[in-house]
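Data first, discussion second: the structure below is written as structure tokens.
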Amino acid sequence: MSVASLRRAARESVSGLPREFWWLWTSTLINRLGAFVATFMTLYLTHERGYSASYAGLVVSLHGLGGVISSLGAGVLTDRLGRRPTMMAAQTATAFSVALLGFMTDPAAIVAVAFLVGMASNASRPAVQAMMADIVKPEDRMRAFSLNYWAINLGFAVSAAGAGFVAQHSYLAGFLGEAALTLTCAVLVFLKLPESRPERVATGKSRGRGTGTASSPEPEVGLGTVFRDGRFMGVVGLSFLISLIFQQGYVGLPVAMGADGFSSADFGMAMAVNGVLIVALQIPVTRAIEHRDPRRLLIVSSLLAGYGFGLTAFAGSVAVYALTICVWTLAEIVNSPTQTGLVVRLSPVHGRGRYQGVYTMSWSVAALVAPLMSGFVVDHFGADWLWGACAVLGSVAAGGYWLLMRGLGLGDGEDVVVGVGAGAGAGAGAGERRADVTA
4 MSVASLRRAA
14 RESVSGLPRE
24 FWWLWTSTLI
34 NRLGAFVATF
44 MTLYLTHERG
54 YSASYAGLVV
64 SLHGLGGVIS
74 SLGAGVLTDR
84 LGRRPTMMAA
94 QTATAFSVAL
104 LGFMTDPAAI
114 VAVAFLVGMA
124 SNASRPAVQA
134 MMADIVKPED
144 RMRAFSLNYW
154 AINLGFAVSA
164 AGAGFVAQHS
174 YLAGFLGEAA
184 LTLTCAVLVF
194 LKLPESRPER
204 VATGKSRGRG
214 TGTASSPEPE
224 VGLGTVFRDG
234 RFMGVVGLSF
244 LISLIFQQGY
254 VGLPVAMGAD
264 GFSSADFGMA
274 MAVNGVLIVA
284 LQIPVTRAIE
294 HRDPRRLLIV
304 SSLLAGYGFG
314 LTAFAGSVAV
324 YALTICVWTL
334 AEIVNSPTQT
344 GLVVRLSPVH
354 GRGRYQGVYT
364 MSWSVAALVA
374 PLMSGFVVDH
384 FGADWLWGAC
394 AVLGSVAAGG
404 YWLLMRGLGL
414 GDGEDVVVGV
424 GAGAGAGAGA
434 GERRADVTA
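Sequential numbering from 4 applies to the sequence shown in my numbering.
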């Protein structure tokens, strides 16, 4: 491909997105550049503080539990207070709680503050996703979600290397550095991002920034509405299964490689393939699949994820492990923006925060369950059974997507109009979906 072609492809990948999206994208990148606690919490507790691996596991689990709880609460706040104040409150709370955690020495205090960090750090996610859906046109959302996911992985890749260097000199500097960058995100949101929550007007119509469309009156949407939405909760359940599979790259894979006699450096080398591929391929792959049927993409990505991990049972060298990582990384690249776009299409305009909160919760719960699942299976049956279970879960998820989305109108750039818990729906106008049940 010529340099001119590459430039044209890059220009097309980023063109047409509103300025507010790029400020939100910048905030995401800065946030992930400071991801110190999530990366080095276990090492900090065991190496720096001298606590046991069991205690470190408890702290990490409670950190994840905080995320599960805050996902629902943050979704409600996103709809009631707005996207902007929810993000600013969450990021400010994260900054102060992370800084406080760096000074904690008492075991009980570390547990309590880590739980607060987990709550605060996950509270901004529903607001970010809802704001992105508000300000980006439906036909551009998959590209926007993909670019945001690319920023997450780029920031994490850089932060992992930088944080490792910082940790060699001072763990406290890592905590304070994350706090400073997170606080920078809050300031950026305050200065550059206007509120995007759609407003209800006297005529019963609602408008959202960036869409320029009006929709029919919507009843109030509560958490009960979300949980009664059978099709959406089916998607959340399938998201949980996919999350369980992807989590094995961080909980099951290192255990299996260690049992096979490979070092932590070998694991790091193999996993580096994941970050490199996402940074290199996320944008071009998204360009290739942007206007394809999301049903097929979700089915194919589920199979690639399940059988990508399933192939790990046959790995006997770092090169083969890296090859299996290539397979499920491709699934990750396809699945993430496609599934996020589907969640937005299934969400009513005035319930986006709650719907995103419940969707985010599926990933948080998977992060809690995956270590228990992999540990139990490996201890009692062996690693090969874990990889076989991943293949089964991928097949179940693929079948679930096929069943759930039969007859569901998913034309390019359209959202879905379905009743809560209803069956087939038709394509709606940009940014629209009616909720037929009042919470």
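Ideal placement from N, C-alpha and C gives every residue a C-beta, glycine not left out.
Subject >> Under 9 Å between C-beta atoms of residue 125 and residue 74 >> reply: yes
**OP:** Flag this pair as yes or no: are the beta carbons of residue 248 and residue 59 separated by less than 9 Å?
**Re:** no
Original post:
How should residue 37 be labelled, buried or exposed, when 16 other C-beta atoms within 10 angstroms of its C-beta is the threshold for buried?
Top reply: buried
Subject >> Closest residue to residue 45 among 337, 31, 61, 305 (Cα-Cα distance) >> reply: 61
Original post:
Are there 16 or more other CB atoms within 10 angstroms of the CB of residue 331, so buried, or fewer, so exposed?
Top reply: buried
Original post:
Is it buried or exposed for residue 350, if we count other Cβ within 10 angstroms and need 16 for buried?
Top reply: buried
Subject >> Cβ-based neighbour list, residue 22, same chain, cut-off 6 Å, excluding 5 preceding and 5 following >> reply: none
Original post:
What's the gap between the Cα of residue 31 and the Cα of residue 381?
Top reply: 36 Å
Subject >> Separation of residue 384 from residue 259, as counted between CA atoms >> reply: 12 Å
Subject >> Rounded C-alpha distance that separates residue 237 from residue 85 >> reply: 27 Å
Subject >> Short Cβ contact (9 Å threshold) for residue 245 with residue 344 >> reply: no
**OP:** Using alpha carbons as the reference points, say which of 361, 40, 67, 224 lies closest to residue 242.
**Re:** 361
Original post:
Do residue 328 and residue 276 have their CB atoms nearer than 9 Å?
Top reply: yes
**OP:** Report yes if the C-beta distance between residue 341 and residue 393 is below 9 Å; otherwise report no.
**Re:** no
Original post:
For residue 69, which option in 49, 97, 82, 43 has the closest C-alpha, if you only look at C-alpha atoms?
Top reply: 97
**OP:** Give a yes or no on contact between the region 130-143 and the region 184-203, applying the rule of three or more CB pairs nearer than 8 Å.
**Re:** yes
Original post:
Hey, residue 123 and residue 65 are a contact pair by Cβ (cut 8 Å); roughly how many whole angstroms apart?
Top reply: The pair is not a contact, with the Cβ atoms about 13 Å apart (cut-off 8 Å).
Original post:
In terms of alpha-carbon separation, which member of 20, 54, 150, 183 lies closest to residue 100?
Top reply: 183
Original post:
Would you call the CB atoms of residue 334 and residue 308 closer than 9 Å?
Top reply: yes
Original post:
How many angstroms separate the CA atom of residue 321 from the CA atom of residue 91?
Top reply: 43 Å
Original post:
In or out: residue 252 buried (at least 16 other Cβ within 10 Å) or exposed?
Top reply: buried
**OP:** Quick one: grab the DSSP three-state call for residue 196.
**Re:** coil
Original post:
Taking 8 Å as the line, does the beta carbon of residue 237 fall inside it for any heavy atom of the ligand FAD?
Top reply: In the structure shown, the ligand FAD is absent, as is every other ligand, since no ligand is present at all.
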